[in-house]
Amino acid sequence: PAPRQPVSRTTTRRHRTGHAGRPRTSRPIRPRLRRAHPSPSSPNIGPTRPQSGATSPLSSCRLSAESPPESGSHRALHRAASIASSSDAGAAGRHQEATCPPVSRCAAVFASDPPVGYHFTCGGRLTLLAHKTAVYKMSEFLELEALDGIRMPWNVIPGTREDAVSCVVPVSAIYTPLKSIPDMPVVPYAPLRCRMCRSILNPFSRVDYNAKIWLCTFCFQRNQFPQHYSSISENNLPPELFPQYTTIEYISTAETGPVMPPVFIFVVDTCIIEEEIGYLKSALAQATELLPDNSLIGFITFGTYVQVHELGFGLLPKSYVFKGTKEVSKEQILEQMCFFAGKQKPTTGVIAGTRDGLSSESISRFLVPASECEFVLNSVIEELQKDPWHIPADQRASRCTGAALSVAASLLGVCVPGSGARIMAFVGGPSTEGPGSIVSKSLTEPIRSHKDLDKDSAPLFDKAVKFYDQIAKQLVHQGHVLDLFACAVDQVGVAEMKVAIEKTGGIVVLAESFGHSVFKDSLLRIFQSADNGLGLSFNGILEINCSKDVKIQGIIGPCSSLEKKSPLSADTVIGQGNTSAWKMCGLDKKTSLCFVYDISRKVGPDTVAQQTGEQLYLQFVTYYQHHEGQMRLRTTTISRQWASGAATVQELIDGFDQEAAAAVVARLVSFKMETEADFDPIRWLDRALIRLCTKFGDYQKETPSSFSLSPRLSIFPQFMFNLRRSQFVQVFNNSPDETAYFRMMLERENVGNAVAMIQPSLISYSFQSGPMPVLLDATAIAPDKILLLDSYFSVVIFHGITIAQWRKAGYQDQEGHEAFAQLLKAPHDESDAIIKERFPVPRLVVCDQYGSQARFLLAKLNPSVTYNSDNPAPGGDVIFTDDVSFEVFMDHLQRLAVQ
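According to the working numbering, the residues represented by the sequence shown are 171 to 1069, in order.
Below, the structure is given as structure tokens:
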């Protein structure tokens, strides 16, 4: 029958354009400072010689009381949650039973504005309870992230090492160094550092206004204020002492540092078919139009040989050719590319850049400002052709990817060492020639799989990884970034290049073709303005400072250790460790790092006698080259409370952030799978979850039916259930390149995006109601509904069979069926909003029930209804799998936790 149910236009319109902010809550708990703070309108203090034309250092010193506006998809999820909660009106104070499949991850339901809390009770069922305290705590975590860009699993810190170990999830923090923070002050002078530990003056520092002395928060060293702070008083403070400015940025003036232009070298694969060449040329032409005029551009193509194009020579196309079978050193670059033509070459010292022996004229032959090489660059791109060397029918193309990247790294090391630069490699197939090759030319030899890597039967893998590790060390030393755009149906070697991409903070985009929207839109978004794009920054160094009894084990994320040993370094190393400073060659406003800490405090008289409310302080200092060219320093200082007394367990539960914990555990599992040969991720996750539930659960010994979890921990088992089934742990049906790509993205994204990868969100659209979040379960499928799945890497629009039949019959184009047309359009509007805000651009899949591409949805759903279910629930769809359902998983967890 034709669709005749009306759709509320008001609801749909509000879904698209309305605004739903977070509920206003009290400010996050801050430690009480032992001094009086003035109002933000107090007189300002700045350097003695402020920059002419610059904004006053203390202007706009008031934080907005409103939360920052959220993105389109999150606004829709907020409204969807409000619609879902409206159906539960009057349910406060009474239990509402629901079957136990995992609840879909929804920012509105579990992050910003949950209408209810979820509580596990006996019998493997979920009890939905009104829980205002849990709502407040989750809102507080998000407010803290909005202020400083930090999420921590434990916001009340275990008091001793033994307590920290028993908490299972390590004391850690996921920090976004360049997060966009509204009204963050940017001051044009240098920060004040402690003489002893080099930490920076912050709102938690104690100040003696009469003696003009400040006490360091970390080492308690007394420091004198400099002369230009002579007028400081309780009523006249610099911005770094205002309590709301825990994150502040210092910008270098013209006297302290020049403006450095960004450098981009395009390394383009020509061993691809003509059709792909055309797609790539079109994308490069569009991208180069968005480059800043002052940026320096270089261009390299490779196939059987490597060609470095001389863009500074505009009379005719000119390039230097290198063999693809060997690495190319800096000395060979200097000699063979005639950097000292007609001049005397220095006999001693390192030759690198204009400060060390090279003339700007010789450098400008290969790295040319975008405003000056537009015609030549467009000509080179237009004349790109397929590699001319013949390819036998039984062989692969001769592609020297490793040699091309070696040439690009050496060229940058010669011309612009220490300046922000990116190598952007566009690769369309596997490397078969020279260093870094992953497979032989013969088509009879398949490309390595996970099974080959497990059995050590991939002879080229270790050699290629070792080569790219050397490239990574060279790029980190030079301060340069490697980005990879891998566009091919086959593997191209992402697994081997992972070490170089990750240590330099590079970007990776994986697509099936250079003509795919995932590649084209992602490339354009890189070069968009900072407000709409990524806000690429360069050449960063990140340092930390910690309170006594806290040490850093390492960082899991896109950075490289600077091997700066200090008393802050823990004996146990996780990720990039053995240091208190890290190099971040490339970073953007979404790059996030996971810091893993070690609590060194042991049980003793001092810990027993410690006062309730004692504070712990952490400081993050990021020095980087801004996308506008200036060098900036951003400092973030936060405070958390130590757990103490008899109520330690309840204090820990009150400060537990389930989403941050899930993101940290996912990074740990991913790291261990990469570095530990005999690591069993499923067993490790199960044991960790059982230990956590045993410690923090409420139950009677040997009575599974009595088991329950606090609403502040009750979603964590769902995250672990979906993590066990995710592409980060299950490598079956994924290539090594895909697995490496997924893990690299996990290790650079913030908590919200990481949770979306682990447990996707699912929204239902129907005639009966507006968009609303539903269970991530097979029972969510219905013939008369449309489902929207957001799994971060892909966005799936799934039409029930009845909806699909109506659409194929063309009812949406007929008069009188505008409501049906509006229903079909609503999920597409939401998917467009998701795609617009995300990088890399996710893949959009539009499918129908029982269609071949429905597998993208079915693979993510909880298999509560399978082919061997005895009493399947009404509705939904049958999933052909032997995986256990969430209900069975919870039954086993309860039984083991109470033993």
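Think of the CB as a built atom: it goes at the ideal place given N, C-alpha and C, for glycine as much as any other residue.
Three-state class that DSSP yields for residue i in the structure shown
{"i": "S234", "result": "Note that S234 scores 31 on pLDDT, short of 50, meaning its location in the model is unreliable; the coordinates nonetheless yield the value given after this. Here S234 sits in coil by DSSP."}
{"i": "T471", "result": "strand"}
{"i": "M801", "result": "strand"}
{"i": "H560", "result": "coil"}
{"i": "P887", "result": "helix"}
{"i": "L945", "result": "strand"}
{"i": "C755", "result": "strand"}
{"i": "E553", "result": "coil"}
{"i": "A1003", "result": "helix"}
{"i": "C585", "result": "helix"}
{"i": "E615", "result": "coil"}
{"i": "T792", "result": "strand"}
{"i": "T602", "result": "coil"}
{"i": "L1063", "result": "helix"}
{"i": "S336", "result": "helix"}
{"i": "F1056", "result": "helix"}
{"i": "A360", "result": "coil"}
Straight-line Cα distance separating residue j from residue i
{"i": "P881", "j": "D824", "result": "10 Å"}
{"i": "M667", "j": "V635", "result": "7 Å"}
{"i": "I744", "j": "Q648", "result": "25 Å"}
{"i": "K611", "j": "Q938", "result": "58 Å"}
{"i": "F1026", "j": "V586", "result": "45 Å"}
{"i": "S876", "j": "P887", "result": "17 Å"}
{"i": "R695", "j": "P1012", "result": "13 Å"}
{"i": "C863", "j": "A1067", "result": "6 Å"}
{"i": "A670", "j": "K643", "result": "8 Å"}
{"i": "A573", "j": "G494", "result": "5 Å"}
{"i": "E784", "j": "C389", "result": "16 Å"}
{"i": "Y981", "j": "A991", "result": "8 Å"}
{"i": "I467", "j": "P539", "result": "6 Å"}
{"i": "L385", "j": "S375", "result": "6 Å"}
{"i": "D660", "j": "I769", "result": "46 Å"}
{"i": "I1049", "j": "P930", "result": "18 Å"}
{"i": "I722", "j": "E480", "result": "47 Å"}
{"i": "L613", "j": "V791", "result": "51 Å"}
{"i": "L1149", "j": "R804", "result": "Only positions 171 to 1069 of the chain appear in this structure, which leaves residue 1149 out of reach."}
{"i": "E315", "j": "M915", "result": "20 Å"}
Beta-carbon separation (whole angstroms), residue i vs residue j, contact threshold 8 Å
{"i": "R331", "j": "K772", "result": "6 Å"}
{"i": "S717", "j": "W752", "result": "About 20 Å separates the two Cβ atoms, so there is no contact after all."}
{"i": "V357", "j": "Y399", "result": "Not quite, the Cβ-Cβ distance comes to about 13 Å (not below 8 Å), so this is no contact."}
{"i": "V965", "j": "I1004", "result": "6 Å"}
{"i": "F1059", "j": "F891", "result": "5 Å"}
{"i": "F968", "j": "Q1019", "result": "7 Å"}
{"i": "V664", "j": "Y911", "result": "6 Å"}
Range covered by the alpha helix (DSSP H) that runs through residue i
{"i": "P906", "result": "906-916"}
{"i": "I533", "result": "530-533"}
{"i": "G724", "result": "Per DSSP, G724 belongs to no alpha helix (DSSP H); it is in the beta strand (DSSP E), 720-726."}
{"i": "I971", "result": "971-978"}
{"i": "N325", "result": "First-last for N325: undefined, no H or E at that position."}
{"i": "A457", "result": "444-459"}
For residue i, the first and last residue of its enclosing beta strand (DSSP E)
{"i": "M594", "result": "591-597"}
{"i": "I418", "result": "417-421"}
{"i": "R877", "result": "A small correction: the amino acid at residue 877 is Phe; Arg does not occupy that position in the sequence shown. Note, F877: beta strand (DSSP E), 873-878."}
{"i": "N464", "result": "Element bounds for N464: n/a, residue is neither H nor E."}
{"i": "G710", "result": "707-716"}
{"i": "A962", "result": "One point to set straight first is that residue 962 is Tyr, not Ala, in the sequence displayed. Run containing Y962: none; DSSP gives neither H nor E here."}
{"i": "A858", "result": "Not the beta strand (DSSP E): A858 falls in the alpha helix (DSSP H), residues 851-866."}
{"i": "R1076", "result": "Because the chain is modelled from 171 through 1069, residue 1076 falls outside the range shown and cannot be assessed."}
{"i": "Q394", "result": "392-394"}
Residue-level contact to chain C via CB, residue i, 9 Å cutoff
{"i": "N903", "result": "In the structure shown, chain C does not exist; there is a single protein chain."}
At least 3 beta-carbon pairs within less than 8 Å: the region 837-857 vs the region 360-375:
no
Is the region 556-571 touching the region 531-548, taking contact as three or more C-beta pairs under 8 Å?
Touching, no.
When the Cβ atoms of the region 637-646 are set against those of the region 712-728, are three or more pairs found closer than 8 Å?
no
Check whether the region 456-474 touches the region 547-559, taking contact to mean three or more Cβ pairs, one atom from each stretch, closer than 8 Å.
yes
Would you call the region 439-458 and the region 604-623 in contact, with 3 or more CB pairs under 8 Å?
no
For the structure I just gave you, are there three or more beta carbon pairs, one from the region 593-601 and one from the region 485-493, closer than 8 Å?
no
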